[in-house]
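To start, the structure itself, in structure tokens.
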Amino acid sequence: MKKKMFFAGSGGQGALTIGQMIAKAGMDEGNEVTWLPSYGPEMRGGTANCTVIISDKRISCPLINEADVLVVMNLPSLRKFESMVVPGGMIFINSSIVPETSTRTDVKIIEIPANDKAAEIGNPRAANIVMLGAILAETGCCKKETVKHQIEKMFSGRKEKFLPGNIAALELYCK
Amino acid sequence: MSKVLMMGNEAFAEAAIRAGCNCYFGYPITPQNEVPEYMSHELHKAGGSFIQAESELAAVNMAYGAAAAGGRVFISTSSPGFALMQEGLGFICSCEVPIVAMNVSRGGPGVGGIQPGQADYFQVTRGGYNGDVKIPVFAPANIQESVDLIYEAFDIAEKYRNPVVIFADGMLGQMMEPVEFPPAKPIKGSDEISKDVPWAITGTDHHEGRNVVFSLRLQPDVLENHVLHMFEKYAEAEKELVRYKNINVEDAEIVFVAFGTMARICVEACELLEEKGVKAGVIRPISLWPFPNAAFDAITDKTKIVISTELSMGQMIEDVRTAVAGRWPVSLISRTGGIVPTSIEVMERALKALEEVK
Numbered sequence: 001m002k003k004k005m006f007f008a009g010s011g012g013q014g015a016l017t018i019g020q021m022i023a024k025a026g027m028d029e030g031n032e033v034t035w036l037p038s039y040g041p042e043m044r045g046g047t048a049n050c051t052v053i054i055s056d057k058r059i060s061c062p063l064i065n066e067a068d069v070l071v072v073m074n075l076p077s078l079r080k081f082e083s084m085v086v087p088g089g090m091i092f093i094n095s096s097i098v099p100e101t102s103t104r105t106d107v108k109i110i111e112i113p114a115n116d117k118a119a120e121i122g123n124p125r126a127a128n129i130v131m132l133g134a135i136l137a138e139t140g141c142c143k144k145e146t147v148k149h150q151i152e153k154m155f156s157g158r159k160e161k162f163l164p165g166n167i168a169a170l171e172l173y174c175k
Numbered sequence: 176m177s178k179v180l181m182m183g184n185e186a187f188a189e190a191a192i193r194a195g196c197n198c199y200f201g202y203p204i205t206p207q208n209e210v211p212e213y214m215s216h217e218l219h220k221a222g223g224s225f226i227q228a229e230s231e232l233a234a235v236n237m238a239y240g241a242a243a244a245g246g247r248v249f250i251s252t253s254s255p256g257f258a259l260m261q262e263g264l265g266f267i268c269s270c271e272v273p274i275v276a277m278n279v280s281r282g283g284p285g286v287g288g289i290q291p292g293q294a295d296y297f298q299v300t301r302g303g304y305n306g307d308v309k310i311p312v313f314a315p316a317n318i319q320e321s322v323d324l325i326y327e328a329f330d331i332a333e334k335y336r337n338p339v340v341i342f343a344d345g346m347l348g349q350m351m352e353p354v355e356f357p358p359a360k361p362i363k364g365s366d367e368i369s370k371d372v373p374w375a376i377t378g379t380d381h382h383e384g385r386n387v388v389f390s391l392r393l394q395p396d397v398l399e400n401h402v403l404h405m406f407e408k409y410a411e412a413e414k415e416l417v418r419y420k421n422i423n424v425e426d427a428e429i430v431f432v433a434f435g436t437m438a439r440i441c442v443e444a445c446e447l448l449e450e451k452g453v454k455a456g457v458i459r460p461i462s463l464w465p466f467p468n469a470a471f472d473a474i475t476d477k478t479k480i481v482i483s484t485e486l487s488m489g490q491m492i493e494d495v496r497t498a499v500a501g502r503w504p505v506s507l508i509s510r511t512g513g514i515v516p517t518s519i520e521v522m523e524r525a526l527k528a529l530e531e532v533k
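Residue numbers (the working numbering), protein chains in the order written: chain A, 1 to 175; chain B, 176 to 533.
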């Protein structure tokens, strides 16, 4: 098993965070993982992306030539990266922000209105967690329980008040 | 202890703390900023001291002073900052005080860019200091190896009374991987310091007479003897510190030589070449000085070409040519300026290079 995933969006949309959460969950489930971010003089609202590899074998190269799964949180990311998905792969599109769909016909397109759904449950900042739930449900890259446990740890102590909203966001598309 | 998912830069800093580092001096520069950031909030918890210096020049000289007093000292920077530290490193070698210096390198020359580069190969292995000086350099290829090397580097530096350089690139600093840390060594008290490093300037409470750490030796015969003494240490280091990993070299038609991030890309390029029916292997130098010449003795008659693969215009290739000693054709695959090639690009260029020698 080797899953190559690519997450892209504008700075602050949480694409890097959900990539990191999936990498951590992959590790917690006993796999080898790498998380590689783009870095640079990015300004707020600029683009940000990361590559995640989950594998049951040692990972030689953290860079990828093609992705099994692409997650785009905004339109520029869709246009820039849709060609890197392997035929039969998946593209997750944040349809609340992205007004168009992919030009690819040989991959599975999953449109998730992440911002709208997050707003509906009263937690507009958790759009990325809504998307994360959809990714878990569709790809099976890691178990919901592993991620849920991670979220419980993230939002403990003083941050505990944010926990129910994030669990609800996760479970919207991942029952 | 179980594995944690950690960013390279933070893991480098934690490894130094675990190794008993009690002094860190740094100045911000991308892509290693998370090292001083982590040190600023974690080192004091272990009982150490963090100082953000006013420049790299100040940082290296603070390190020089703290190490002369018996400190377990760590400094980190990136390429242009490492250039500024050269003078200090030469003095530190001359005075025989141990420090561990990390270069999380980026594209050059000059201020250059901030994406990963390996064009500091000459800078870390040859240096920009005056005089006859050698500095052991280790180039890890993943975060776990970085942690293990940093942890060990403090003892190597102390044993040889010389700086040790850890040479990573921006990608290794920025990425995250699972890592397991070795146990934390407690920070030494002054009694322990004066026992372990009796030459250190710890005050006369701990030893009789004065300890002096100095670089100036005006009499040529005294200076020559000092340099000869340093080279006795370097001869031992050349025997003891050689590290490398050979991957499928024995039956390879193409042998890549690559370190750090570039080596990881070459390993994947080998898999792509295998799909095309070409066997390829990798020599991965871990110690850049001493350069692992012995690794090249594993190459067989099956090999048609040795390719130095670098994120620079070809610097390590000089050491590769020396190690190969005319036994096989040597060529170069290089990208520079912060561009990191894909494994597909490396595979295609390697096939072309193989065609040219056939």
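In this text, a Cβ means the ideal position worked out from N, Cα and C, and glycines have one as well. None of these values were measured; they are calculated from a predicted model.
DSSP state of residue 178 of chain B mapped onto helix, strand, coil: coil
Residue 34 of chain A at chain B interface by Cβ criterion, 8 Å: Among the CB atoms of chain B, one or more fall inside 8 Å of the CB of residue 34 of chain A.
Proximity winner among A:149, A:18, A:26, A:154, relative to residue 55 of chain A (alpha-carbon distances): A:26
Residue ranges of each beta strand (DSSP E) within the stretch 25-58 of chain A, 3 or longer: 32-37, 47-55
8 Å contact criterion, which residue 190 of chain B and residue 325 of chain B should meet: CB distance rounded: 4 Å
Beta bridge counterpart(s) of residue 227 of chain B as assigned by DSSP: B:201
Chain A within 8 Å of residue 515 of chain B, Cβ atoms only: True, the Cβ-Cβ gap to chain A drops below 8 Å.
Beta strand (DSSP E) runs contained entirely in the stretch 254-325 of chain B, provided each spans 3 or more residues: 275-280
6 Å CB neighbourhood of residue 185 of chain B in its chain, flanking five on each side removed: 209, 213
Residue nearest to residue 412 of chain B in terms of C-alpha spacing, selected from B:308, B:257, B:293, B:335: Nearest in C-alpha terms to residue 412 of chain B, of all of B:308, B:257, B:293, B:335, is B:335.
Neighbour flag for residue 439 of chain B against chain A, beta carbons, 8 Å: Yes, residue 439 of chain B lies at the interface with chain A (some Cβ there is under 8 Å from its Cβ).
Buried versus exposed, by CB contacts within 10 Å (16 or more), residue 272 of chain B: Flag for residue 272 of chain B reads buried.
Chain-ordered chain B contacts of residue 23 of chain A [CB-CB under 7 Å]: 180, 351
Proximity test, Cβ basis, 8 Å: residue 518 of chain B and chain A: Cβ-Cβ to chain A under 8 Å: yes for residue 518 of chain B.
Chain-ordered neighbours of residue 39 of chain A on chain B, where CB pairs are closer than 7 Å: Chain order gives the chain B residues near residue 39 of chain A as 206, 349, where near means a beta carbon separation below 7 Å.
Under 7 Å (Cβ pairs) to chain A, residues found in the stretch 267-288 of chain B: none
Inter-residue spacing [alpha-carbon to alpha-carbon] between residue 70 of chain A and residue 9 of chain A: When rounded, the distance between both Cα atoms is 11 Å.
Helix, strand or coil at residue 97 of chain A [DSSP, three-state]: coil
Short-range partners of chain B found in the stretch 62-76 of chain A, where Cβ spacing is below 7 Å: 62, 63, 65
Closest residue to residue 420 of chain B among B:216, B:453, B:459 (Cα-Cα distance): B:459
Partners in chain A for residue 443 of chain B, counting only beta-carbon separations shorter than 7 Å: 60, 61
Exposure label - residue 534 of chain B; buried when at least 16 CB within 10 Å: The question about residue 534 of chain B has no answer here: the residues shown for chain B are numbered 176 through 533.
Residue ranges of each alpha helix (DSSP H) within the stretch 102-171 of chain A, 4 or longer: 114-120, 127-139, 144-154, 163-171
Coil, strand or helix - residue 75 of chain A by DSSP: Helix, per DSSP.
Residues near residue 180 of chain B by beta carbon distance below 6 Å, same chain, minus five either side: 351, 353
is_contact[residue 346 of chain B, chain A] using C-beta, thresh 8 Å: It does; some Cβ of chain A falls within 8 Å.
CB contact flag (residue 134 of chain A, residue 151 of chain A, <8 Å): no
Residues near residue 244 of chain B in its chain [Cβ-Cβ closer than 7 Å; skip 5 each side]: 375, 376, 377
Residue range of the unbroken alpha helix (DSSP H) whose run includes residue 522 of chain B: 518-532
Contact set for residue 417 of chain B: own chain, Cβ-Cβ below 6 Å, skip 5 residues either direction: 462, 465, 467
Own chain residues within Cβ distance below 8 Å of residue 176 of chain A, not counting five before or after: Because chain A spans 1 through 175 in this model, residue 176 of chain A falls outside it and cannot be assessed.
Paired residues, beta bridge with residue 390 of chain B - DSSP: Beta bridge pairing from DSSP links residue 390 of chain B with no other residue.
Rounded separation between residue 428 of chain B and residue 525 of chain B - CA only: 10 Å
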